[in-house]
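>
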Amino acid sequence: MAEKAEKTKQSTVAAKAGESTSQKTMSSQAQGILYRVAGPVVVARNMPAKMYDVVRVGNERLMGEVIQIVGDKVVIQVYEDTSGLKPGEPVFNTGKPLSVELGPGLLTSIYDGIQRPLPVLQKEQGDYIFRGLDAPGLDPKKKWEFKVTAKKGGKVEGGDVLGEVEETPGIIHRIMVPPGTSGKIAELKSGKYTVDEVIGTLDDGTELKLKQIWPVRKARPVLKKLNPTIPLITGQRIFDSLFPVAKGGVAAIPGPFGAGKTVTQQTLAKWCDADIIVYVGCGERGNEMTEVLTEFPELTDPKSGKPLMNRTILIANTSNMPVAAREASVYTGVTLAEYYRDMGYSVAMMADSTSRWAEAMREISSRLEEMPGEEGYPAYLATRLAQFYERAGRVQPLSGEKEGSVTIIGAVSPPGGDFSEPVTQNTLRVTKTFWALDAKLAQRRHFPSINWLTSYSLYLDTLEPWYAEHVNKDYRGLVNEFMSLLQEEEKLLQIVQLVGSDALPEKEQLTLEVSRLIREFFLQQSAFHEVDTYCELQKTRRIMKTILMYRDLGQDALGKGMRIQKILEVKAKNEIVNSKFEKNYDALLDAVEKNLQQEFAALG
Amino acid sequence: MKEYKTITRIAGPLLFVEKTDAVGYGDIVSIALESGETKTGQVLDTSDDLVVVQVFEGTSGIGRGAKVRFLGETLKLGVSEEMLGRVFNGAGKPIDGKAPIIPEKKADIIGAAINPFSRASPHDFIQTGVSTIDATNTLVRGQKLPIFSGSGLPHNEIALQIARQAKVLGEGEQFVVVFAAMGITNEEAQYFIQDFQKTGALSRAIVFLNLADDPAVERLVTPRMALTAAEYIAFEKGYHVLVILTDMTNYCESLREIGAAREEVPGRRGYPGYMYTDLAQIYERAGVIKGKKGSITQIPILTMVGDDITHPIPDLTGYITEGQIVLSRELHRKGIYPPVDVLPSLSRLMNLGIGPKRTRDDHKAVSDQLYAGYAEGRDLRGLVAIVGEEALSARDKRLLKFAEAFEKRFVTQKRDEDRAILDTLGLGWNLFSPIPPEELTRLSPDLKKKYYQPSS
Chain D
1 MAEKAEKTKQ
11 STVAAKAGES
21 TSQKTMSSQA
31 QGILYRVAGP
41 VVVARNMPAK
51 MYDVVRVGNE
61 RLMGEVIQIV
71 GDKVVIQVYE
81 DTSGLKPGEP
91 VFNTGKPLSV
101 ELGPGLLTSI
111 YDGIQRPLPV
121 LQKEQGDYIF
131 RGLDAPGLDP
141 KKKWEFKVTA
151 KKGGKVEGGD
161 VLGEVEETPG
171 IIHRIMVPPG
181 TSGKIAELKS
191 GKYTVDEVIG
201 TLDDGTELKL
211 KQIWPVRKAR
221 PVLKKLNPTI
231 PLITGQRIFD
241 SLFPVAKGGV
251 AAIPGPFGAG
261 KTVTQQTLAK
271 WCDADIIVYV
281 GCGERGNEMT
291 EVLTEFPELT
301 DPKSGKPLMN
311 RTILIANTSN
321 MPVAAREASV
331 YTGVTLAEYY
341 RDMGYSVAMM
351 ADSTSRWAEA
361 MREISSRLEE
371 MPGEEGYPAY
381 LATRLAQFYE
391 RAGRVQPLSG
401 EKEGSVTIIG
411 AVSPPGGDFS
421 EPVTQNTLRV
431 TKTFWALDAK
441 LAQRRHFPSI
451 NWLTSYSLYL
461 DTLEPWYAEH
471 VNKDYRGLVN
481 EFMSLLQEEE
491 KLLQIVQLVG
501 SDALPEKEQL
511 TLEVSRLIRE
521 FFLQQSAFHE
531 VDTYCELQKT
541 RRIMKTILMY
551 RDLGQDALGK
561 GMRIQKILEV
571 KAKNEIVNSK
581 FEKNYDALLD
591 AVEKNLQQEF
601 AALG
Chain P
1001 MKEYKTITRI
1011 AGPLLFVEKT
1021 DAVGYGDIVS
1031 IALESGETKT
1041 GQVLDTSDDL
1051 VVVQVFEGTS
1061 GIGRGAKVRF
1071 LGETLKLGVS
1081 EEMLGRVFNG
1091 AGKPIDGKAP
1101 IIPEKKADII
1111 GAAINPFSRA
1121 SPHDFIQTGV
1131 STIDATNTLV
1141 RGQKLPIFSG
1151 SGLPHNEIAL
1161 QIARQAKVLG
1171 EGEQFVVVFA
1181 AMGITNEEAQ
1191 YFIQDFQKTG
1201 ALSRAIVFLN
1211 LADDPAVERL
1221 VTPRMALTAA
1231 EYIAFEKGYH
1241 VLVILTDMTN
1251 YCESLREIGA
1261 AREEVPGRRG
1271 YPGYMYTDLA
1281 QIYERAGVIK
1291 GKKGSITQIP
1301 ILTMVGDDIT
1311 HPIPDLTGYI
1321 TEGQIVLSRE
1331 LHRKGIYPPV
1341 DVLPSLSRLM
1351 NLGIGPKRTR
1361 DDHKAVSDQL
1371 YAGYAEGRDL
1381 RGLVAIVGEE
1391 ALSARDKRLL
1401 KFAEAFEKRF
1411 VTQKRDEDRA
1421 ILDTLGLGWN
1431 LFSPIPPEEL
1441 TRLSPDLKKK
1451 YYQPSS
């Protein structure tokens, strides 16, 4: 409990700052005078301000954020177009950091980078996004059916669950006490409420609502970070076997343009066993974002049979939307993810692409005339990336009840496909799973086009006990065998290019054949085939076993003096491929294994 | 309106004016020279102490005695349907000697971003009549597909051929062409205009010309003028618009020039750090909007400096646009027109525009097979140089021939040859004929049964 108390204290400051007032509500605040305007960065004078305070700039009240304080001058990045702004116009400081509204209604929403719902913007302004428009992140009119679960008179602290709202069919939104608040429940009633209505009070008079506010640049507090020991099951053989990511882990997908980043992200969003998906399109192409916005609402969740959107939040900030909002969008996304984590859900956040985010940082940094680091990126690039990825994790939330997790899967778009550039390199330093997309594999139509030689996962060891318990003790062993076979193949292929495959010793020729089976029958997976699109862990293991059985039988036969040609001609091995497309794979592979044994027995 | 005579510094294209009243960022400035001439500029930086103005027509002739007036509004373009068939300079003033435009409305040239939620997914196949685009890098309506070229390559001819031939199958309607020239030579500009006149396309075109000897700063507004006109014609008047922007490299050079004049901290290769956002604000003004009839399709042209595709200009462009058409000097030297190198070329929206209902059931497979065969054939050329053709297997020899035939028969076409998509696909199957069907692994057995004919 001592630990909990301490954590709570730490978080009080942040929570108080965001308490019950949104950054979007205007009240009378400290006022400054606009001094200089040059693009999205403006300077105000005579204004008391703290770093990262949200300010309203000019007569149109454009939203901005304090990013530098020099003497009596305050440098502000503005989230909207600044044309027409004049020196002398007023600047209002809200005194609060950039925050988001958290509460029921987040799921199924489509937001821009600063949590303005795009459909609402469309309704109010038409097809273009003009400036100076406010739209609350949560629908203030919608009534939610709230059911109390906490006891009246009970003592509660930040993170404790007060009650529940069924947010979308099947998904329970737990209403929690905001971090930093505690007391005895004086009043709490079930009923229909909007997010702004008071659902109850604490004995010190604190009002409780369905909604809470949280500053996006600050990680939400937790009781304890746990080790990531549970895999995020993706249903994709290559991820679930060779390169797993843990729930609460981070994975990076770098790839040149055209290698299939977006398809991979979408397949993961569809199939991974996270409860909630947050998809951030950061600096993406408008037309591609449209594909996501039109396709996601049509997808059905294969597990529940309900629309996938029911457990999804989309954040879309295209490349031509204001650069400062792009910079904020990943923070907005991860804050929403943390909020659902605190309810005890496992959340997967996809960020596409973090390179665009880094580019936004570079742009703002150069406007501030900061000394540039490598390739013009600010010197703090590495720190910012690390801080962001550190918000992933498997945790025990403040309530101490159900554990939750945030897994971050970040796409990286290296210029010219060159992995040595700063964003990729700094990302690799903090992510533990690396899925290297390979344009050559994509051109050869090998999907998913993940290069098995350059990709890696550092979670293999921590996840081993889980696989041993939930799949089979031999799982890790099989994975290791596969890895070393693929490594071996790479070496052998270099020799083959020089001397041809016939010149190889027979044992090596068998290795080549086995690795071909691995590549074609195991690693390749069709996202478009109704059965093959999702492969359960037991099936993944079973295919691995059967391929290795052929290898073992082949090696035995070679040992007995059999010719390699005969072993390569064994027919049963080619049937393994059919198991990919077969629901009843066990029976099929039983038959294959029996045939393999018979054929080898017949050989000699 | 107040006039100021407080210019303190003139450097490159910039004026520095002091002791002004509050001036709005981005406001238009009128500068009266001592000679009586007036120039136009725009506010780049404004503060209590100092206002920085970029002068579109260049600062030559401006002295400290010039009078500066701030007009209190941002740069706008008067737009009207009458603009069709007219020629304007890079700042939007008519230069064809005809009557001035009576605007139906004044539109801010810094276009607002389209709400992603309002966009419709582009999926109408555009037949350009160029096989390497239609079959392997399909253009769809609402896409932005740049041509990455090099100096001396025939990108202008290709752009013109596309502009002439582009149509959506089943719709008679031709595209309206909005053409923006930035820093190209007078000769190149004449080439475009004469072609438009010859084919009668000029009556359905809007031309903005900023030539090589026009002020560089003006180049920064030219594409925005063109896109503002395009947006009006497309989304308010319901036309399908094809915007050709040439040459984006000159545009970026101007951006760098202004950045340097303002003494900004430079980014990669001296280009300003905000170049990505700046380019995005141009390229992203393409698309289709739900419930609106018109559309904007963009073909920006850029010459790669030193044929280097990793140079910041093509690199940043490639991350914003939906693919690229890459021209190859090697093919051009071989005398192949259009010298499109399909391997690094890509259309990201291709799959939305092709298939059974849009083009034909075999389109994707034929494209994949052409890619795979040509890629392997080209690799083999390197091998042949080392070991000689005799050392190759029969399969490799076939692939080598295939790559040759692909360049000579599929890529190559005449400058006025408008190949229908079905002919293009047929040509593809023709090239597959000498190859035994079992080696055509990208084509499904069904498709082979339907279309494949072995050569005798």
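Chains D and P are the protein sequences, given in the same order.
Just so we're aligned, residue 1 is where the first sequence starts under my numbering, counting upward by one.
Just so we're aligned, residue 1001 is where the second sequence starts under my numbering, counting upward by one.
C-beta atoms are modelled at their ideal positions from N, C-alpha and C, and glycine is treated no differently.
Source: prediction; values computed, not measured.
(1) My parser needs the alpha helix (DSSP H) runs of 4 or more residues fully inside the region 107-132 of chain D; what are they?
(2) Which bits of chain D does P:L1349 rub up against, with CB to CB less than 9 Å?
(3) Kindly list the residues whose CB is nearer than 8 Å to the CB of D:E164, restricted to its own chain and excluding five residues on each side of it in sequence; keep chain order.
(4) Do you know offhand how far P:L1447's Cα is from P:D1362's?
(5) Please return the same chain residues whose Cβ sits closer than 7 Å to the Cβ of D:E207, not counting the five positions on each side in sequence.
(6) Less than 8 Å between the beta carbons of D:R217 and D:Y52, yes or no?
(7) In chain order, what residues of the same chain lie with their CB nearer than 6 Å to the CB of P:L1443, ignoring the 5 residues before and after it?
(8) Given this structure, state the Cα-to-Cα distance separating P:S1060 from P:L1071, to the nearest angstrom.
(9) Pull up the distance between the alpha-carbon of P:F1136 and that of P:Y1371, whole angstroms please.
(10) Opposite P:R1009 in the DSSP bridges: which residues?
(11) How many angstroms separate the CA atom of D:E575 from the CA atom of D:R551?
(12) Ends of the alpha helix (DSSP H) at D:D590?
(13) Ordered along the chain, which non-local residues of its own chain (more than five positions away) have a Cβ less than 7 Å from that of P:D1108?
(14) According to a CB-to-CB cut-off of less than 9 Å, which residues of the region 301-329 of chain D neighbour chain P?
(15) Output yes or no for whether 8 Å exceeds the beta carbon distance between P:L1245 and P:Q1165.
(16) Does the beta carbon of P:I1126 come closer than 8 Å to any beta carbon on chain D?
(17) Can you give me the start and stop residues for the alpha helix (DSSP H) that D:M549 sits inside?
(18) By a C-beta neighbour count over all protein chains shown, 10 Å radius and 16 as the cutoff for buried, is D:Q598 buried or exposed?
(19) By how many angstroms is the C-alpha of P:G1129 removed from the C-alpha of D:R220?
(20) Excluding the five sequence neighbours on either side, which residues of its own chain have a C-beta within less than 8 Å of the C-beta of D:E370, listed in chain order?
(21) Just the chain D side, please: which residues come within less than 7 Å of P:P1116 by C-beta, in chain order?
(22) Determine the burial state of P:T1310: buried for a count of at least 16 other Cβ atoms within 10 Å of its Cβ, exposed for fewer.
(23) Please classify P:D1124: is it buried, with 16 or more other beta-carbons within 10 angstroms of its beta-carbon, or exposed?
(24) Under 8 Å, Cβ to Cβ, is there at least one residue of chain P near D:F130?
(25) Just list the alpha helix (DSSP H) runs in the region 1203-1264 of chain P, keeping only unbroken ones of 4 residues or longer that don't cross its boundaries, in chain order.
(26) Determine, using beta carbons only, whether P:I1282 and P:F1235 come nearer to each other than 8 Å.
(27) Residues of the region 38-55 of chain D in Cβ contact with chain P at a cutoff of 9 Å, in chain order, please.
(28) Taking 8 Å as the CB-CB limit, is P:L1478 close to chain D?
(29) Mind checking the region 327-353 of chain D against chain P and listing, in chain order, the residues whose C-beta falls within less than 9 Å of any C-beta there?
(30) Suppose the cutoff is 7 Å on Cβ atoms and the five residues either side in sequence are ignored; what does the same chain contact list for D:A591 look like?
(31) So is D:Q494 in contact with chain P if we call contact Cβ pairs under 8 Å?
(32) Nearest-angstrom Cα distance between P:A1403 and D:S346?
(33) Return the chain-ordered list of same chain residues with a C-beta closer than 7 Å to the C-beta of P:Y1232, the five sequence neighbours on each side being excluded.
(34) Going along chain D, which residues have a C-beta under 7 Å from P:A1403?
(35) Let me check understanding here. Comparing Cα to Cα, which of P:M1001, P:I1354 and P:M1304 lies closest to P:P1146?
(36) Do you know how far the Cα of D:Q212 is from the Cα of D:S20?
Answer, in terms of the structure:
(1) List check, alpha helix (DSSP H) in window: 118-125.
(2) Here the question's residue 1349 of chain P lines up with position 349 in the second sequence. Result: N287, E288 and E291.
(3) Counted from its first residue, the first sequence places residue 164 of chain D at position 164. Excluding positions up to five away in sequence, the list reads F146, K147, T149, I172, H173, R174 and I175.
(4) For the purposes of this step, residue 1447 of chain P is identified with residue 447 of the second sequence, where counting begins at 1. For the purposes of this step, residue 1362 of chain P is identified with residue 362 of the second sequence, where counting begins at 1. The alpha-carbon atoms of P:L1447 and P:D1362 are separated by roughly 7 Å.
(5) In the first sequence, residue 207 of chain D corresponds to position 207, counting from 1. Answer for D:E207: V198 and T201, listed in chain order.
(6) For this step, residue 217 of chain D is matched to residue 217 along the first sequence. For this step, residue 52 of chain D is matched to residue 52 along the first sequence. A Cβ-Cβ contact shorter than 8 Å links D:R217 with D:Y52.
(7) For the purposes of this step, residue 1443 of chain P is taken as residue 443 along the second sequence, with counting starting at 1. Contacts found: A1365 and Q1369.
(8) Indexing the second sequence from 1 puts residue 1060 of chain P at position 60. Indexing the second sequence from 1 puts residue 1071 of chain P at position 71. In this structure, the alpha-carbon of P:S1060 lies about 22 Å from that of P:L1071.
(9) Stepping through the second sequence from its first residue, residue 1136 of chain P is reached at position 136. Stepping through the second sequence from its first residue, residue 1371 of chain P is reached at position 371. Note that residue 1136 of chain P corresponds to Thr in the displayed sequence, not to Phe. Between P:T1136 and P:Y1371, the C-alpha separation is close to 8 Å.
(10) In the second sequence, counting from the first residue as 1, residue 1009 of chain P sits at position 9. BP columns for P:R1009 point to P:F1016.
(11) Within the first sequence, residue 575 of chain D is the residue found at index 575, counting from 1. Within the first sequence, residue 551 of chain D is the residue found at index 551, counting from 1. When rounded, the distance between both Cα atoms is 15 Å.
(12) Looking up residue 590 of chain D in the first sequence gives position 590. Per DSSP, D:D590 belongs to the alpha helix (DSSP H) from Y585 to L603.
(13) The residue given as residue 1108 of chain P occupies position 108 in the second sequence. Contacts found: T1074 and K1076.
(14) A316, N317, T318, S319, N320, M321, P322, V323 and R326
(15) Here residue 1245 of chain P is taken as the residue at index 245 of the second sequence, counted from 1. Here residue 1165 of chain P is taken as the residue at index 165 of the second sequence, counted from 1. Taking 8 Å as the Cβ cut-off, P:L1245 and P:Q1165 do not qualify as a contacting pair.
(16) Mapped onto the second sequence, residue 1126 of chain P falls at position 126. Taking Cβ atoms only, chain D never reaches closer than 8 Å to P:I1126, which makes this a no.
(17) What you label residue 549 of chain D is simply residue 549 of the first sequence in a count that begins at 1. That run of the alpha helix (DSSP H) goes L537 to G559.
(18) Counting from 1 along the first sequence, the entry for residue 598 of chain D is found at position 598. When all chains shown are included, D:Q598 counts as exposed.
(19) Walking along the first sequence from the start, residue 220 of chain D turns up at place 220. Walking along the second sequence from the start, residue 1129 of chain P turns up at place 129. Distance between the alpha carbons of D:R220 and P:G1129: 57 Å.
(20) As a position in the first sequence, residue 370 of chain D is number 370, starting the count at 1. Closer than 8 Å at Cβ, skipping near neighbours: P378 and A379.
(21) Numbered from its first residue, the second sequence carries residue 1116 of chain P at position 116. Under the 7 Å cutoff, chain D gives L118, G286, M289, T290, L293, A316 and T318.
(22) Indexing the second sequence from 1 puts residue 1310 of chain P at position 310. It counts as exposed.
(23) Residue numbering aside, residue 1124 of chain P sits at position 124 when the second sequence is read from its first letter. That one is buried.
(24) As a working note, residue 130 of chain D is residue 130 in the first sequence. Yes, contact with chain P.
(25) 1222-1231 and 1248-1261
(26) Locating residue 1282 of chain P in the second sequence gives position 282, counting from the first residue. Locating residue 1235 of chain P in the second sequence gives position 235, counting from the first residue. No, Cβ-Cβ distance for P:I1282 and P:F1235 is not below 8 Å.
(27) A38, G39, P40, V42, V43 and R45
(28) There is simply no residue 1478 of chain P to check, as chain P begins at 1001 and stops at 1456 in what is shown.
(29) Against chain P - using a Cβ distance shorter than 9 Å - the residues of the region 327-353 of chain D are S353.
(30) On the first sequence, position 591 is the one that residue 591 of chain D refers to. Here the set comprises nothing.
(31) For the purposes of this step, residue 494 of chain D is taken as residue 494 along the first sequence, with counting starting at 1. Taking Cβ atoms only, chain P never reaches closer than 8 Å to D:Q494, which makes this a no.
(32) Position 403 of the second sequence, counted from the start, is the residue given in the question as residue 1403 of chain P. Position 346 of the first sequence, counted from the start, is the residue given in the question as residue 346 of chain D. C-alpha separation (whole angstroms): 51 Å.
(33) Locating residue 1232 of chain P in the second sequence gives position 232, where the first residue counts as 1. Same-chain partners within the cutoff: V1079 and A1107.
(34) As a first step, residue 1403 of chain P is located in the second sequence; it is residue number 403 there, counting from the start. Neighbours of P:A1403 on chain D: none; closest Cβ ~15 Å, over 7 Å.
(35) Residue 1146 of chain P sits at position 146 when you count from the first residue of the second sequence. For the residues P:M1001, P:I1354 and P:M1304, the minimum Cα distance to P:P1146 belongs to P:M1304.
(36) One-based indexing of the first sequence puts residue 20 of chain D at position 20. One-based indexing of the first sequence puts residue 212 of chain D at position 212. Legend: pLDDT at D:S20 = 38, less than 50; position of this residue unreliable, value from coordinates given subsequently. Straight-line Cα distance between these residues: approximately 7 Å.
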